[in-house]
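Line by line, the protein sequences give chains U and Y. Anchor point for the first sequence: position 127 equals 127 in the working numbering, and the numbering is continuous, going up by one each time. The working numbering runs 1000 ahead of the 1-based position in the second sequence. The beta carbon of each residue, even a glycine, is placed where N, CA and C say it ideally should be.
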Amino acid sequence: MRIGGTIAIYTLSVAIFLVAWWGFTFVFPPIFLPSPLATTLKAVEITRTGELPWNIVMSLFRVLSGWALGAVVGSFLGVVMGRLPWVRALALPVLEYFRFVPPVTLVTLFIIWFGFGEESKIVLIFYTAVFIVVVNTMAGAASVREGAIRAARSLGATGTQVLFRVVVPETVPYMVTGLQLALSNAFMTIVAAEMLAAKSGVGFMIWDAQVYTKTERMFVAFVTLSLMGFCLDRSVHALSRRMFVHYRVV
Amino acid sequence: MTEKVRLERVTKIFEDPRQGRETVALKDVSFGIEDRETVALLGPSGCGKTTILNIIAGFILPTEGKALIEGRPITKPGPERGVVFQEHFLFHWLTVEDNIAFALKVRGVSRKEFLPRAHEFVKRVGLTGFERHYPDELSGGMRQRVSIARVLINNPEILLMDEPFAALDAQTRLLMQEWLLKLWEEHQMSMLFITHDVDEAILMADRIFLMGVQPGRIIHELKVPLPRPRARTMLTSQAFMETKAGCLDLIAKESAKIFEHRG
Ligand SMILES: Nc1ncnc2c1ncn2[C@@H]1O[C@H](COP(=O)(O)OP(=O)(O)OP(=O)(O)O)[C@@H](O)[C@H]1O
Ligand SMILES: [Mg+2]
Chain U
1 MRIGGTIAIY TLSVAIFLVA WWGFTFVFPP IFLPSPLATT LKAVEITRTG
51 ELPWNIVMSL FRVLSGWALG AVVGSFLGVV MGRLPWVRAL ALPVLEYFRF
101 VPPVTLVTLF IIWFGFGEES KIVLIFYTAV FIVVVNTMAG AASVREGAIR
151 AARSLGATGT QVLFRVVVPE TVPYMVTGLQ LALSNAFMTI VAAEMLAAKS
201 GVGFMIWDAQ VYTKTERMFV AFVTLSLMGF CLDRSVHALS RRMFVHYRVV
Chain Y
1001 MTEKVRLERV TKIFEDPRQG RETVALKDVS FGIEDRETVA LLGPSGCGKT
1051 TILNIIAGFI LPTEGKALIE GRPITKPGPE RGVVFQEHFL FHWLTVEDNI
1101 AFALKVRGVS RKEFLPRAHE FVKRVGLTGF ERHYPDELSG GMRQRVSIAR
1151 VLINNPEILL MDEPFAALDA QTRLLMQEWL LKLWEEHQMS MLFITHDVDE
1201 AILMADRIFL MGVQPGRIIH ELKVPLPRPR ARTMLTSQAF METKAGCLDL
1251 IAKESAKIFE HRG
């Protein structure tokens, strides 16, 4: 019932949007605003040639590999920082400053450091993700219920066992929040990075289309982006809910 | 030596370095808990009951004085001292059976070995059928029984309980008290029972220490003349009433003193 309602609302909302889009195509010439139909046809065409799938795969590859690396390193660092007050005290100011450096601004620097290949983009995504995961995990690890730790210790758990059997499980909801935020940020960053410095990816498609005024391609890219982002976000939500049913993931 | 636990002139001072303030949570507290004896700590909020439990549990160290378990100084928590908290502090990501088996798991006992033992304790605390449930799916009383089973599986020398039933409604509390008394008959261990409910203290304990505030200290010791095994029906017995009257008398006198003191 609820799910059916949600689907209906989503469909209706998209339908209204499409009709509005279509309506505006009568006002503006196709070079400004291609119609939904023209966009769809273009999408079919560049799917056939393999261009669109290839760009999607490249963007996904960069996002997911950088994000996964960031997730592993960020969770580890976050737990360490959350549990060791002096490490946290030293690291927090640095985190606070770096927070105001948008990852995209580092594209050029990372190209100087890591070359024009995939490494620089993956490092950029890693950087984007690790930050967000660290901040969230750290907050979680620092707020683990002292009573739960005491209970475990008095049941005979060693320091390491307390860490893996109490601190980490108690931190899971915060980690998951961090991972979700990191993924949507990673997604935005990679598109921007691909527009600036790549020869493939959905971001590159937009940049390429803009240079040659291939508006239809640009619109295909927009629709692809929104669908990709939506699907990624939903899958991560659904997956983490399913994987951590009893960890009080929100 | 039959004493399980001994506190010798224990003083605990909490310092707040930011405000340069000191709280004398405990001042010169001395007492012992005999083998199989239940001692209740009864007193107003802030008199240091939890602080005493934390010291015996090994969570914190006394500022002055000595805390001993079977003659040895207490320096850290240990499985021979089972702690039951007011908030159960169960592991909500583990099932009932895995919560109860936690102590065995950290000792490296294999699942095949610990499951039957865990199930034995599930049964002992009356939760058969709930082995695979998660703490969030249980009632308050059931959660407290899980947290008691979780420490009982260690076969502790002493059970340290910090207002274990305070969060429960009156009916459930009475049932839990009866249940704990029955459990005690089976296990016969020593117990430190913290409460601010006079009836509960008398029903559960062999000796009651009345505590006072500022500084936190023991002001009176009371022997409970009720025989074992204890039962709910004793709540209305002559001996119970007399003990309660004496207890309330002492509490009233102490409160009056504080009242005058504060003017
Ligand atoms: N970690 C701490 N830091 C500073 N002061 C503390 C700390 N723990 C306890 N105190 C103080 O010590 C005193 C005794 O606290 P304690 O928790 O032992 O009281 P209690 O008798 O258990 O009270 P309640 O019935 O409310 O649980 C209180 O004044 C409390 O504020
Ligand atoms: Mg207390």
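Skipping 5 residues on each side, what residues in its chain have a beta carbon closer than 8 Å to that of residue i?
i, result
"Val1010/Y", "Leu1026, Asp1028, Val1029, Ser1030, Ile1052, Ile1055, Pro1062, Glu1064, Gly1065, Lys1066, Ala1067"
"Phe222/U", "Ile206"
"Met1204/Y", "Thr1038, Ala1040, Gln1177, Leu1180, Leu1181, Met1191, Phe1193, Thr1195, Arg1230"
"Ile122/U", "Arg62, Ser65, Gly66, Leu69"
"Ile56/U", "Val202, Thr224, Met228"
Taking the Cβ atom as the reference point for each residue, do residue i and residue j lie within a distance shorter than 8 Å?
i, j, result
"Leu1168/Y", "Gly1129/Y", "no"
"Ile1100/Y", "Arg1150/Y", "yes"
"Leu1192/Y", "His1220/Y", "no"
"Met1211/Y", "Gly1032/Y", "no"
"Phe244/U", "Val134/U", "no"
"Ala151/U", "Phe1085/Y", "yes"
"Ala142/U", "Arg88/U", "yes"
"Gly229/U", "Asn1154/Y", "no"
"Lys1087/Y", "Lys1004/Y", "According to the sequence as given, residue 1087/Y is Glu; it is not Lys. Contact flag unset, no."
"Glu194/U", "Phe187/U", "no"
"Lys1244/Y", "Val1198/Y", "yes"
"Arg145/U", "Phe1089/Y", "yes"
"Val220/U", "Leu52/U", "yes"
"Val1146/Y", "Leu1152/Y", "no"
"Arg1036/Y", "Gln1188/Y", "yes"
"Thr189/U", "Leu124/U", "yes"
"Gly1082/Y", "Leu1007/Y", "no"
"Val79/U", "Thr137/U", "yes"
"Pro1215/Y", "Val1024/Y", "yes"
"Asp1162/Y", "Thr1002/Y", "no"
"Val236/U", "Leu179/U", "yes"
"Ala139/U", "Tyr174/U", "yes"
Taking residue i as the query, report the chain U residues whose CB atoms sit under 7 Å from its CB, ordered along the chain.
i, result
"Trp1093/Y", "Pro169, His246, Tyr247"
"Pro1073/Y", "Residues of chain U passing the Cβ test: none, with the nearest at roughly 17 Å."
"Ala1057/Y", "Ser154"
"Gly1140/Y", "Near Gly1140/Y there are no residues of chain U at all, since even the closest Cβ is about 16 Å away, more than 7 Å."
Interface residues of chain Y around residue i at Cβ under 8 Å?
i, result
"Arg145/U", "Phe1089"
"Ala148/U", "Phe1089, Phe1091"
Among residues of its own chain, excluding the 5 on either side of residue i, which ones have a beta-carbon nearer than 6 Å to its beta-carbon?
i, result
"Gly1058/Y", "Ile1074, Lys1076, Pro1077"
"Gly74/U", "Val130, Val133, Val134"
"Phe256/U", "This structure does not reach residue 256/U, given that chain U is present from 1 up to 250, and the question cannot be answered."
How would you list, in chain order, the residues of chain U whose beta-carbon sits under 9 Å from the beta-carbon of residue i?
i, result
"Arg1150/Y", "Ala151, Leu155"
"Phe1102/Y", "Ala151, Ala152, Leu155, Gly156, Ala157, Arg165"
"Phe1085/Y", "Gly147, Arg150, Ala151"
Under 8 Å between beta-carbons, which chain U residues line up against residue i? List them in chain order, please.
i, result
"Val1106/Y", "Ala152, Leu155, Gly156, Ala157, Thr158, Gln161, Arg165"
"Arg1154/Y", "Checking the sequence shown, residue 1154/Y turns out to be Asn, not Arg. By Cβ distance, chain U contributes Leu155, Gly156."
"Phe954/Y", "In the structure as shown, chain Y begins at 1001 and stops at 1263. Residue 954/Y is therefore absent and cannot be evaluated."
"Pro1079/Y", "Ser154, Leu155, Gly156"
So which of the options has the shortest CA-CA distance to residue i?
i, options, result
"His1092/Y", "Arg2/U, Val236/U, Ile9/U, Val172/U", "Val172/U"
"Arg1124/Y", "Trp1184/Y, Glu1015/Y, Leu1007/Y, Leu1094/Y", "Trp1184/Y"
"Ala1252/Y", "Gly1043/Y, Ile1013/Y, Gly1108/Y, Glu1022/Y", "Gly1043/Y"
"Gly1108/Y", "Ser240/U, Phe28/U, Gln161/U", "Gln161/U"
"Ile46/U", "Ile9/U, Lys214/U, Tyr10/U, Val166/U", "Lys214/U"
"Ile31/U", "Ala209/U, Ser240/U, Ala71/U, Gly147/U", "Ala209/U"
"Pro1227/Y", "Ile1202/Y, Val1083/Y, Ala1103/Y", "Ile1202/Y"
"Ser120/U", "Thr105/U, Phe131/U, Ile132/U", "Thr105/U"
"Met58/U", "Leu232/U, Ser200/U, Tyr97/U, Val236/U", "Ser200/U"
"Ala71/U", "Val79/U, Gly140/U, Val130/U, Thr158/U", "Val130/U"
"Thr1233/Y", "Leu1175/Y, Arg1207/Y, Ser1255/Y, Gly1246/Y", "Leu1175/Y"
"Ser1045/Y", "Arg1217/Y, Phe1121/Y, Lys1257/Y", "Arg1217/Y"
"Ser184/U", "Ile149/U, Gly147/U, Thr128/U", "Thr128/U"
"Leu1222/Y", "Thr1236/Y, Leu1235/Y, Arg1207/Y", "Arg1207/Y"
"Glu1034/Y", "Glu1242/Y, Glu1157/Y, Ile1258/Y, Arg1021/Y", "Glu1157/Y"
"Thr158/U", "Gln1238/Y, Glu1113/Y, Ala1103/Y, Arg1117/Y", "Ala1103/Y"
"Val167/U", "Gly82/U, Leu239/U, Tyr10/U", "Gly82/U"
"Val992/Y", "Val14/U, Ala20/U, Ser154/U", "The first residue shown for chain Y is 1001 and the last is 1263, placing residue 992/Y beyond what the model contains."
Which residues in the same chain as residue i place their Cβ atom closer than 7 Å to its Cβ, once the five residues preceding and following it in sequence are excluded?
i, result
"Arg1173/Y", "Phe1165"
"Tyr1134/Y", "His1092, Thr1095"
"Ile1060/Y", "Asn1054"
"Pro169/U", "Tyr247"
Tell me which residues pass a beta-carbon proximity test against ligand 1: closer than 5 Å to any heavy atom, given in chain order. Phe1014/Y, Thr1023/Y, Ala1025/Y, Ser1045/Y, Gly1046/Y, Cys1047/Y, Gly1048/Y, Lys1049/Y, Thr1050/Y, Thr1051/Y
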